[in-house]
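Asks: Chains as they are written, first to last, in full-length UniProt numbering: chain A, 1 to 427; chain B, 1 to 427.
The beta-carbon is built from N, C-alpha and C at its ideal position, and this holds for glycine as well.
Number of protein chains: 2
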Amino acid sequence: MALVVQKYGGSSVADADGVKRVAQRIVATKKAGNDVVVVVSAMGDTTDELIDLAEQISPLPPGRELDMLLTAGERISMALLAMAIANLGHEARSFTGSQAGVITDGSHGKARIIDVTPGRIRSALDEGSICIVAGFQGVSQDSKDITTLGRGGSDTTAVALAAALNADVCEIYSDVDGIFTADPRIVPSARRIPQISFEEMLEMAACGAKILHLRCVEYARRYNMPIHVRSSFSQRVGTWVRDSIEATDTEDGEMEQAIISGVAHDRSEAKITVVGVPDKVGEAATIFQVLSDAEINLDMIVQNVSAAATGRTDISFTLPRTDGQTAMAALNKVKERIGFESLRYDDRIGKVSLIGAGMRSHPGVTARLFGAIANAGVNIEMISTSEIRISVIVDQDDIDAAVQSAHAAFDLDADQVEAVVYGGTGR
Amino acid sequence: MALVVQKYGGSSVADADGVKRVAQRIVATKKAGNDVVVVVSAMGDTTDELIDLAEQISPLPPGRELDMLLTAGERISMALLAMAIANLGHEARSFTGSQAGVITDGSHGKARIIDVTPGRIRSALDEGSICIVAGFQGVSQDSKDITTLGRGGSDTTAVALAAALNADVCEIYSDVDGIFTADPRIVPSARRIPQISFEEMLEMAACGAKILHLRCVEYARRYNMPIHVRSSFSQRVGTWVRDSIEATDTEDGEMEQAIISGVAHDRSEAKITVVGVPDKVGEAATIFQVLSDAEINLDMIVQNVSAAATGRTDISFTLPRTDGQTAMAALNKVKERIGFESLRYDDRIGKVSLIGAGMRSHPGVTARLFGAIANAGVNIEMISTSEIRISVIVDQDDIDAAVQSAHAAFDLDADQVEAVVYGGTGR
């Protein structure tokens, strides 16, 4: 008997019919002989509606109270889901994050999970019950106040619970069939990736693939918890995210042969260039200290070689577009002190990333990628690499062309129709 | 510095504007130098909407999950209210029933409060915070599951918290100005009652006055917690419900002089008559055991003297109309065993009750009441009395006439315009 943790997003439980459909899927998993723990998000637009209510009351609601408000959303969906399962003749009990033992720090709106103590869940499972747990929420260790985990929080709840319960698999359900080699809206021939390693998935998530949130993948990697990303609207096998060694063992070495897993893109960044920075020791450090104090997460950073004639250099970096104004204001304040000449802001950019564990041992990858992008007539503005990733910044209007060209250059286009597999958890 | 517990019902916080209005009232109480604990119900129709959602999912949802669902309602209203207060520059923290220490038994949907351990509330008050507590909900002592208190639950939460915190007063806000000598929709000249004793209020509540729920008054009486019933839409003083001795002391003996407090009526009952019951020892006991096993609360019970010729008698009783079918079915099952002749069911009745502590020492009250009802041309079907109450069952169509006639006969009609008092908690 396996222990399966399933997570259903808001689009899967958007209305009463959705709740009933998900309930049937859960009961089928239980009937197949598994213990089942389900993590559920708030129904459809509930969270947005609650935020709207809060905005009618206060322009800047206290974090503690906003968290208290928003957690009402999962409370509703989880109770309804438990009712729907009971209606199918199976015992189900719902638990808040606090009841499920999701212990966090006290950062309202973006709390981090410190510990998971799922004693009540374990007892309920031992009594044969299906457990429904509210995603996205926990309770702070010190103040005992209710917290929320921020974006992607329900995925993180699911993986954290799965790890604490030593589950066999964590299934993350959404309205897409898994992780694809590129966004199918840009590359219609994109293939579903059957398997991907934690490291590659981390790079994909960091580079704009929105199916799994970064924190959730980090958590899964740390606890070596396999994730099965799949659709709640079909019975198809999705994408397995797991340790690369295990994956190689279990799937005929398929992972080892694939050089490139996929092409990700991100339209959410902006680029700032600090022009004419005096090329003295510590000037760059000051710039980045100012940005750090403003709590801005930078992504790519490029510093040109300084021009000998002037003794000055340009420093460019990318950052979330939503932080653009804050960063510009913070830098302008120290213009005199640092003595740079000017600031340039460009939010008409995009990032295209090639991800694959195989590129470690294939030195030709960079050249082939740049060649493909050049062939598409696209200019590269910035470059950043890791062991298993190459990212380039291009003009916003060139993103689609760059993605398509890169996808084709690495033979990622589909050459076969997906096999449809019915039933079971895909294991 | 006084400690004031205030309770606001769903109609007072029906929308964002209502929440803001209530927040201003709370802040005014705080600014007047009081510690303030607020108990709040779910906004407007929220609870009904959640029940509607549950009904779309399951015809008979498990009580545990229905409680989990419904408690989302107060979670929303209390968080919004805390935000609105913060927006006015005062610190406010919201607490669920569980966080506030409202410990109940495990009867989902109608849990009883076993204990209140408001340690977190006390700490927050000591830190200068206004406390917002979810009404209607608690946590079960044994299973730690979330429970709801059933009808009138938020009032009970308020009184229980006030008692546990040793508050100076519990203010219950609704959309009416207090307790009236009769329903103003039936008797336009009805007066607001400035003060009423716990005992009289208990009888009023039991006889159909809907402003305060029976359980809440019972709780207040047990802990001698004065209640001030008033409107959240005006600054008028409302009705004080308190111990009769204190009331006499503080208000120039006004209580002692009033023979009758008011006239209550109830349209929610039905009457069942068991016809031709063999007049043997134990027959009546069997009938009431059957009804007790079906968990039906009876109100008035009348047994006729048996006719000597037949050795049979009729037994009539009233009960909540909603239990009518259950009671009829339960009795029909034992018809052969008991040997009664037939059952009659009448739901076109109403109960009119005269309540007043003064009637203890005024023997003419009963005669005057029956005279007034007779003068109105109304026939009395059943009679029941206590030390401070006389109730009669009349035809449904005669309720208004009986109420009006009784109200006039005891000089309850208003002869002056209500004084409007501004500010303060009315103390």
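(1) Going by DSSP in three states, residue 455 of chain B sits in which element: helix, strand or coil?
(2) Kindly say whether residue 195 of chain B, judged by its beta-carbon, lies nearer than 8 Å to any beta-carbon of chain A.
(3) If you count every other CB in all the chains shown that lies within 10 Å of the CB of residue 108 of chain B, and 16 or more means buried, which is it?
(4) Who pairs with residue 230 of chain A in a beta bridge, going by DSSP?
(5) Would you mind telling me which residues of chain A sit closer than 9 Å to residue 125 of chain B, beta carbon to beta carbon, in chain order?
(6) Report the option in B:223, B:240 and B:221 whose CA atom is closest to the CA atom of residue 230 of chain B.
(7) Identify the continuous beta strand (DSSP E) that holds residue 149 of chain B and give its terminal residues.
(8) Write down every uninterrupted run of the beta strand (DSSP E) in the region 6 to 69 of chain A whose length is 3 residues or greater and which is fully enclosed by it, in chain order.
(9) With residue 383 of chain B and residue 373 of chain B assumed to form a contact (beta carbons below 8 Å), what rounded beta-carbon distance in angstroms separates them?
(10) Closest to residue 175 of chain A by C-alpha separation, out of A:125, A:236, A:182 and A:219, would be which residue?
(11) Can you look up residue 181 of chain B in the DSSP assignment and give me helix, strand or coil?
(12) So, helix, strand or coil for residue 340 of chain A, using DSSP?
(13) Can you give me the Cβ contacts of residue 328 of chain B inside the same chain, cut-off strictly under 8 Å, excluding the 5 residues immediately before and after it?
(14) Of the residues B:61, B:16 and B:89, which one's Cα is nearest the Cα of residue 42 of chain B?
(15) Residue 382 of chain A lies in the beta strand (DSSP E); which residues open and close that run?
(16) How is residue 265 of chain B classed by DSSP in three states: helix, strand or coil?
(17) Below 8 Å on the Cβ atoms is my guess for residue 97 of chain A versus residue 141 of chain A; work out the distance and round it to an integer in Å.
(18) Residue 79 of chain B to residue 45 of chain B, Cα distance in whole Å?
(19) May I ask you to report which of helix, strand or coil DSSP gives residue 351 of chain A?
(20) Can you name the start and end residues of the alpha helix (DSSP H) that residue 368 of chain B belongs to?
(21) Where does the unbroken beta strand (DSSP E) through residue 410 of chain A begin, and where does it stop?
(22) Starting from residue 395 of chain A, follow its DSSP beta bridges and name the residues at the other end.
(23) Which partner residues does residue 271 of chain B have in the DSSP bridge list?
(24) Roughly how many angstroms lie between the CA atoms of residue 55 of chain A and residue 61 of chain A, to the nearest whole one?
(25) Considering only their Cβ atoms, is the gap separating residue 207 of chain A from residue 152 of chain A smaller than 8 Å?
(26) What residue range is occupied by the uninterrupted alpha helix (DSSP H) comprising residue 126 of chain A?
(27) Indicate the three-state DSSP secondary structure (helix, strand or coil) for residue 88 of chain B in the structure shown.
(28) Could you confirm whether any beta carbon from chain A is found closer than 8 Å to the beta carbon of residue 19 of chain B?
(29) I want to verify the contact list: residues of chain A whose CB lies under 8 Å from the CB of residue 76 of chain B, in sequence order.
(30) Which bits of chain A does residue 57 of chain B rub up against, with CB to CB less than 8 Å?
(31) Taking a contact to mean a Cβ-Cβ separation below 8 Å, would you say residue 395 of chain B touches residue 348 of chain B in this structure?
(32) Residue 157 of chain B by DSSP, collapsed to three states: which one?
(33) Who are residue 3 of chain A's beta bridge partners in DSSP?
(34) Pull up the distance between the alpha-carbon of residue 310 of chain B and that of residue 276 of chain B, whole angstroms please.
(35) Does residue 65 of chain A have its Cβ less than 8 Å from a Cβ in chain B?
(36) Any idea what DSSP makes of residue 255 of chain B, helix, strand or coil?
Replies: A quick look at the data gives this:
(1) Within the shown structure, residues of chain B are numbered from 1 to 427, placing residue 455 of chain B beyond reach of any answer.
(2) Chain A, which has no Cβ nearer than 8 Å to the Cβ of residue 195 of chain B, makes this no.
(3) Result: buried.
(4) Partner(s): A:173.
(5) Neighbours of residue 125 of chain B in chain A, taken as residues whose beta carbon is under 9 Å from its own, are absent, since the nearest beta carbon is some 16 Å off.
(6) Of B:223, B:240 and B:221, the residue nearest in Cα terms is B:240.
(7) Boundaries cannot be given for residue 149 of chain B, as no beta strand (DSSP E) includes it and DSSP labels it neither H nor E.
(8) Counting whole runs of 3 or more residues, the region 6 to 69 of chain A contains the beta strand (DSSP E) stretches 35 to 40.
(9) So it is not a contact: roughly 11 Å between Cβ atoms.
(10) Ranking the options by Cα distance to residue 175 of chain A, first place goes to A:236.
(11) Three-state result, residue 181 of chain B: coil.
(12) In the three-state DSSP reduction, residue 340 of chain A falls in the coil class, being neither helix nor strand.
(13) So the list reads 272, 343 and 345, once near-sequence residues are dropped.
(14) It is B:16 whose Cα lies nearest to the Cα of residue 42 of chain B.
(15) Start and end: 382 to 386.
(16) Here residue 265 of chain B sits in strand by DSSP.
(17) In this structure, residue 97 of chain A and residue 141 of chain A do not form a Cβ contact; the two beta carbons are roughly 13 Å apart against a cut-off of 8 Å.
(18) Their backbone Cα atoms lie some 17 Å apart in a straight line.
(19) Strand, per DSSP.
(20) Unbroken alpha helix (DSSP H) run through residue 368 of chain B: 365 to 375.
(21) Run containing residue 410 of chain A: none; DSSP gives neither H nor E here.
(22) For residue 395 of chain A, the pairing in a beta bridge is given by DSSP as A:349.
(23) Bridge partners of residue 271 of chain B: B:318 and B:346.
(24) Rounded to the nearest whole angstrom, the CA to CA distance from residue 55 of chain A to residue 61 of chain A is 8 Å.
(25) No.
(26) The continuous alpha helix (DSSP H) containing residue 126 of chain A extends over residues 119 to 126.
(27) Of the three classes helix, strand and coil, the one that applies to residue 88 of chain B here is coil, per DSSP.
(28) Chain A, which has a Cβ nearer than 8 Å to the Cβ of residue 19 of chain B, makes this yes.
(29) The answer, in chain order, is 50, 53, 69 and 72.
(30) Those within 8 Å of residue 57 of chain B in chain A are 16, 19, 20, 80, 83, 84 and 87.
(31) Yes, Cβ-Cβ distance for residue 395 of chain B and residue 348 of chain B is below 8 Å.
(32) DSSP places residue 157 of chain B in helix when its eight states are reduced to three.
(33) BP columns for residue 3 of chain A point to A:35.
(34) CA-CA distance, residue 310 of chain B to residue 276 of chain B, rounds to 9 Å.
(35) Yes, residue 65 of chain A lies at the interface with chain B (some Cβ there is under 8 Å from its Cβ).
(36) Confidence at residue 255 of chain B is low in this model, with a pLDDT of 44, below 50, so its placement is unreliable and the value that follows should be read with caution. Note: residue 255 of chain B maps to helix in three-state DSSP.
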